[in-house]
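Worksheet: the structure to be examined is printed underneath.
Protein chains: 2
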Amino acid sequence: MKKFTSSSIPIVKRIADSTVRRLSLYLRFLEDFEKRGIATISSDELAARGGTTSAQVRKDLSFFGSFGKRGLGYSVAELSARLRQILGLEREWQVIIIGAGKIGAALAQYHGFSQRGFRIIAVYDADPDKVGRAVDGLVIRPLTDLADDAKRQAPDIAVLAVPAVAAQEVADLVVKSGIRAILNFAPHQLQVPETIAVKAVNMAMELEGLSFALTNG
Amino acid sequence: MKKFTSSSIPIVKRIADSTVRRLSLYLRFLEDFEKRGIATISSDELAARGGTTSAQVRKDLSFFGSFGKRGLGYSVAELSARLRQILGLEREWQVIIIGAGKIGAALAQYHGFSQRGFRIIAVYDADPDKVGRAVDGLVIRPLTDLADDAKRQAPDIAVLAVPAVAAQEVADLVVKSGIRAILNFAPHQLQVPETIAVKAVNMAMELEGLSFALTNG
DNA sequence: GATAACTTGTGAAGAAATTCACAAGTTCAT
DNA sequence: ATGAACTTGTGAATTTCTTCACAAGTTATC
Ligand SMILES: NC(=O)c1ccc[n+]([C@@H]2O[C@H](COP(=O)([O-])OP(=O)(O)OC[C@H]3O[C@@H](n4cnc5c(N)ncnc54)[C@H](O)[C@@H]3O)[C@@H](O)[C@H]2O)c1
Ligand SMILES: NC(=O)c1ccc[n+]([C@@H]2O[C@H](COP(=O)([O-])OP(=O)(O)OC[C@H]3O[C@@H](n4cnc5c(N)ncnc54)[C@H](O)[C@@H]3O)[C@@H](O)[C@H]2O)c1
């Protein structure tokens, strides 16, 4: 088993999605603690905040190294730096939004993303009426420009906020343009090569989950 | 082990969240097949669509009964009816939106939810400048009215689209008003009684998941 | 009605994720 | 220095989830 060294984060086995989500949560809590001037934190306190257990917190972190001090806990500053490193948040990611409708516009105007290192560099739409208008300082570009633009700007992540019927063809174009990650808001299961990372935000599915919980609760 | 009867869906053990999400997916596919006039479908075809396996599909369904015909597969119409019953989608759910900002407004104007039986009956905001304006035919109401309104209208689900700092106090009010399910868009981990069903849509977390995938891919 | 080709439903096996439990290390007070 | 009070990191145990594999049932064809 490889040991952690300060210069890199070794990943010795596939990390579960649920683990990554929790790391993301922990980071948010740590930032909160940092803001409040708290210097160290125990796995127990971190767990209480996230609705999990201290063992889970320690196990999650143990995949990447050992960042704590026995008897004391974790340095808030150090652990959040580690998590940012693990999650790949030390760099800035270039994000484009495709579909300047209601959701796409709301996302483009939301500054919470760039605060976390996800910079929205362009907004695209297929509707000639929308192209040329501005959303939060970004001029909406025609989708036909995407392939060319991507060659120059090499965006990292495409956010899909187009109607479900258009989602697949847009995804195909995104993949063809060399973009390797997609955040999909359309209620359509995308078929993409497995080298492409896809996350879906499906609000109808969340509501149905609540419906199930209310019905069988 | 209890057996399935046509009048009710017996749940003999706790159903995993992941199972419910997949049921929701299957239902979407079935509706698609139904629209295209396909009468029967095999677990294999359903699985291919959802990126899972036929055994997984059959196991998911087996928690609730046996809905298929050996050698033939599932009746698309019957299985979607069953899934709607299981998910509690035979009735209409009353939904309120709290926070008429960018996201809240986009959600209020989105008709995809009511098409799936989630009827948005009211929008609330704390900002006096927003109160009284209309979003998609709904007049924005002052949040101070919520408790009273809820006594009459008994909404089922509250969608939280308020800033993170306000999320907890709004959630407390929602719970106090007798609403038993929350869909939270604010990047804040809500603390609520365990009788309350909560789902969170955390887009920053999804982006960080993509960042992780791109970094450690 | 016999055979071939399917497909379901489900125990059992296997894999994965979570929780337990404790040795080992740290801090603090006296 | 010593003891008490903490807390981490991690194998092992446990629980949960997924996949396997096959008996049993259905349909179609000849
Ligand atoms: N608005 C919501 O609250 C909400 C909620 C859940 C899911 N969604 C989903 O998000 C997606 C967008 O929803 P919306 O409400 O913003 O819709 P919308 O109609 O307001 O916006 C869609 C935009 O996409 C553009 N578009 C259409 N085809 C395109 C194409 N081929 N290439 C590029 N752009 C194209 C349209 O011109 C339009 O500007 C839909 O799939 C919807 O189901 C929206
Ligand atoms: N806009 C996005 O794309 C986006 C993306 C991810 C997450 N979010 C989250 O969604 C939430 C809303 O974001 P937004 O962009 O719509 O913000 P916004 O500022 O546009 O809207 C927030 C609304 O909430 C109202 N509000 C504030 N305090 C309130 C209270 N105590 N009770 C009732 N209403 C109150 C405000 O008056 C405003 O109308 C935030 O938590 C944000 O982090 C938004």
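Protein sequence lines, in the order shown, are assigned to chains G and S.
Residue numbering for the first sequence follows our numbering, starting at 1 and increasing by one per position.
Residue numbering for the second sequence follows our numbering, starting at 1 and increasing by one per position.
All C-beta atoms in this analysis are idealised placements derived from N, C-alpha and C, irrespective of residue type, glycine included.
*Could you tell me whether any Cβ in chain G is nearer than 8 Å to the Cβ of GLU206 of chain S?*
yes
*Between the beta-carbon of ARG82 of chain G and the beta-carbon of PHE67 of chain G, is there less than 8 Å?*
yes
*DSSP three-state assignment for LYS13 of chain G, whether helix, strand or coil*: coil
_Considering only heavy atoms of ligand 1, does any lie closer than 7 Å to the CB of GLU169 of chain G?_
yes
*How many angstroms separate the CA atom of VAL174 of chain S from the CA atom of THR195 of chain S?*
13 Å
*asked:* Quick check on PHE4 of chain G - is its C-beta less than 8 Å from some C-beta in chain S?
replied: Low local confidence applies: a pLDDT of 37 at PHE4 of chain G is under 50, so the model's placement there is unreliable, with the coordinate-based value given in what follows. No - not a single Cβ of chain S is within 8 Å of the one on PHE4 of chain G.
*asked:* What does the alpha-carbon distance come out to for the pair ALA204 of chain S and GLY117 of chain G?
replied: 10 Å
*Could you have a look at SER177 of chain S and say whether DSSP puts it in helix, strand or coil?*
coil
_Just to confirm the assignment, what range does the beta strand (DSSP E) spanning ASP125 of chain S have?_
118–125
*Would you check if the segment 38–53 of chain S and the segment 84–97 of chain S touch, i.e. whether three or more CB-CB distances between them fall below 8 Å?*
no
*Own chain partners of SER6 of chain G with C-beta closer than 8 Å, once the 5 adjacent residues on each side are dropped*: With a pLDDT of 39 at SER6 of chain G, under the threshold of 50, the modelled position of this residue cannot be trusted; read the value that follows with caution. Closer than 8 Å at the Cβ level, and outside the excluded window around SER6 of chain G, lies no residue.
*If you draw a straight line from the C-alpha of THR215 of chain G to the C-alpha of ALA181 of chain S, how long is it?*
11 Å
*So who's on the other strand from LEU160 of chain S, going by DSSP bridges?*
S:ILE98, S:ASN184
*Put ILE196 of chain S into one of helix, strand or coil per three-state DSSP.*
coil
_Nonlocal neighbours in the same chain, by C-beta distance under 7 Å from LEU210 of chain S, ignoring five residues either side_ = none
*Consider the C-beta atom of LEU143 of chain G and the heavy atoms of ligand 1; say whether any pair is separated by less than 7 Å.*
yes
*Kindly give me the distance between the Cβ atoms of ALA147 of chain S and LYS102 of chain S, rounded to whole angstroms, as I take these residues to be in contact under 8 Å.*
Contact flag wrong, Cβ pair sits at about 26 Å.
*asked:* Can you tell me whether SER114 of chain G is helix, strand or coil according to DSSP?
replied: helix
*Hey, quick one: how far does the alpha helix (DSSP H) through SER211 of chain G stretch, first residue to last?*
203–215
_Tell me whether the segment 133–141 of chain G and the segment 155–172 of chain G touch, counting them as touching only if at least three CB pairs, one residue from each stretch, are closer than 8 Å._
no
*Please confirm if ARG133 of chain S has its CB atom under 8 Å from at least one CB of chain G.*
no
*Hey, would you say ALA171 of chain G sits closer than 8 Å to ASP149 of chain G, going by beta carbons?*
no
*CB contact check: GLY37 of chain G to chain S, cutoff 8 Å*: no
*Closer than 9 Å by beta-carbon distance: list the chain S residues that pair up with ALA166 of chain G, in chain order.*
Those within 9 Å of ALA166 of chain G in chain S number zero; the least Cβ separation is about 14 Å.
*Assuming LEU89 of chain S contacts ASP60 of chain S (C-beta within less than 8 Å), just tell me the rounded distance between them.*
Contact doesn't hold; Cβ gap of about 16 Å is too wide.
_Nearer than 7 Å: is that true of the beta carbon of ASP17 of chain G relative to any heavy atom of ligand 2?_
no
*Check whether the Cβ atoms of LEU107 of chain G and ALA167 of chain G sit closer than 8 Å, and answer yes or no.*
no
_What residue range does the alpha helix (DSSP H) around LEU146 of chain S cover?_
146–153
*Quick one: does ARG141 of chain S have its CB under 8 Å from some CB of chain G?*
no
*For GLY112 of chain S, count neighbouring C-beta atoms within 10 Å of its own C-beta (all shown protein chains included) and say buried if the count is 16 or more, exposed if not.*
exposed
*Can you name, in chain order, every residue of its own chain whose Cβ lies under 8 Å from the Cβ of LEU87 of chain S, other than the five neighbours on each side?*
VAL20, LEU23, SER24, LEU27
*Return helix, strand or coil for LYS130 of chain G, following the three-state DSSP convention.*
coil
*DSSP state of LEU190 of chain G mapped onto helix, strand, coil*: coil
_Bridge partners for VAL139 of chain G per DSSP, in chain order?_
G:ALA134
*Start and end of the alpha helix (DSSP H) containing SER62 of chain G?*
54–62
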